[in-house]
Amino acid sequence: MYPKLLIKTLSLCLLMLCSNSIWSQYYLIQDKDGFVNVRADSTLSAKIIDTLSNERIVAEGYTGSGPNWTYIVYNKKGRENEGYIYASRLFSIDKIPDIQQMKLKSETAQTCIYQLDSIKVTVSIKPFVPKEHRITRSKEFTGYGPGPITKIDGAHYWGTDGDMPRTEYKKITVQWGSVISEFPAEAIKGLYQPENGGVDIMIDVKHKRLFMSTAHSDGAGHYSIIWVWENGEFIERLMCHEC
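Under mature numbering (1 follows the signal peptide of the UniProt record, and there is no 0), read the sequence shown as residues -24 to -1, 1 to 219, first letter to last.
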């Protein structure tokens, strides 16, 4: 077996390569009928397992796709779902007309401020304090101390491979002109190992829409995520561990 440190190093390198083209993996649904069918496999004869309406956000997964088909990951009732759709029904977020990327304006050890004209996004992180959380560990004996962490606050978590997280999100605030709103706690729950300056933000001014994406990892606990904010409200987050 490969040493754990080597595996983590390779995972981090792959994650860095993915983050360089992070917007190439996120799409909006666009179809003349107003929706698309999601199928269980990459053929027209495959079972239809879901439908997605126009403007829904999806991510392209790693799983191989057949000719003209794309394997996608999408959010449904807070859970990660997947399936296949016709590739021509996907419209890349970075191809939205007049979309603009926000620039990092200021940075401290725990806060980054991004700004574009009167639009400002503040991302704050904080140290992870174990006593403020409910930590569940595996009862399996490792010979190196306590077993790996399996849950935090009773739920699955992202960012480490069984190790104790070092950082977590404190809050994310969006100011669009005079409208100020904060992402709800559920939007940043269970996401660990964030790093300052590691967020990419795209602004669709025409539709008052914001897309914010990042990827973080400490080995096999890697994750990619995109948050969607529109007209003063948080809309959804899409987690993807296969992106």
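Glycine residues also receive a C-beta, built at the ideal position from the N, C-alpha and C atoms.
- request: Going by CA-CA distance only, name the one from His198, Asn207, Gln1, Cys88 that's closest to valine 181.
  value: Asn207
- prompt: What are the start and end residues of the beta strand (DSSP E) that includes glutamate 162?
  reply: Counted as a single uninterrupted DSSP element, the stretch harbouring glutamate 162 is not any beta strand (DSSP E) but the alpha helix (DSSP H) occupying residues 161 to 164.
query: What are the start and end residues of the beta strand (DSSP E) that includes tyrosine 64?
result: It should be noted that the sequence gives serine, not tyrosine, for residue 64. Element bounds for serine 64: n/a, residue is neither H nor E.
Spatially closest choice to tyrosine 90 from Glu56, Val155, Met178, Ile5, by CA coordinates: Met178
query: Quick one: what's got a C-beta closer than 6 Å to asparagine 51's C-beta in the same chain, skipping five residues either side?
result: Within the same chain, and ignoring the five residues on either side of asparagine 51 in sequence, the residues whose Cβ sits closer than 6 Å to its Cβ are Glu212, Leu214.
field: histidine 192 in three-state terms, based on DSSP
entry: For histidine 192, the three-state secondary structure derived from DSSP is strand.
- prompt: Going straight from the alpha carbon of asparagine 44 to that of isoleucine 61, what length do you get?
  reply: Those two C-alpha atoms are separated by around 9 Å.
- prompt: DSSP puts arginine 15 in a beta bridge; with which residues?
  reply: Ile24, Tyr60
Rounded straight-line distance, which links the Cα of glutamate 171 to that of lysine 165: 16 Å
task: Please state whether DSSP places isoleucine 72 in a helix, a strand or coil.
output: coil
field: Rounded distance between the beta-carbons of leucine 66 and threonine 46, thought under 8 Å
entry: 6 Å
message: With DSSP as the reference, identify every bridge partner of tyrosine 38, one or two as the case may be.
response: DSSP output for tyrosine 38 lists no bridge partner at all.
N-terminal and C-terminal residue of the beta strand (DSSP E) that aspartate 176 is part of: 175 to 180
task: Assign glycine 59 to one of two classes, buried (16 or more other C-beta atoms within 10 Å of its C-beta) or exposed (fewer than that).
output: Burial state of glycine 59 is buried, judged by a 10 Å Cβ sphere holding 16 or more other Cβ atoms.
Distance between phenylalanine 187 and aspartate 17 (C-alpha atoms, nearest Å): 29 Å
- prompt: Can you tell which of Ala35, Leu20, Gly138 has its C-alpha closest to the C-alpha of isoleucine 111?
  reply: Each of Ala35, Leu20, Gly138 was checked against the Cα of isoleucine 111, and the nearest Cα belongs to Gly138.
task: Could you tell me the distance, in whole angstroms, from the CA atom of lysine 102 to the CA atom of glutamate 116?
output: 30 Å
query: Which whole-angstrom value describes the C-beta separation of glycine 123 and glycine 197, a residue pair presumed to lie in contact below a C-beta threshold of 8 Å?
result: Their Cβ separation, rounded to whole angstroms, is 16 Å, which puts glycine 123 and glycine 197 out of contact at 8 Å.
First through last residue of the beta strand (DSSP E) which encompasses proline 170: Note, proline 170: premise wrong, no beta strand (DSSP E); not H, not E.
- request: Return the residue from the list Ile148, Thr149, Glu162 that minimises the CA-CA distance to aspartate 129.
  value: Glu162
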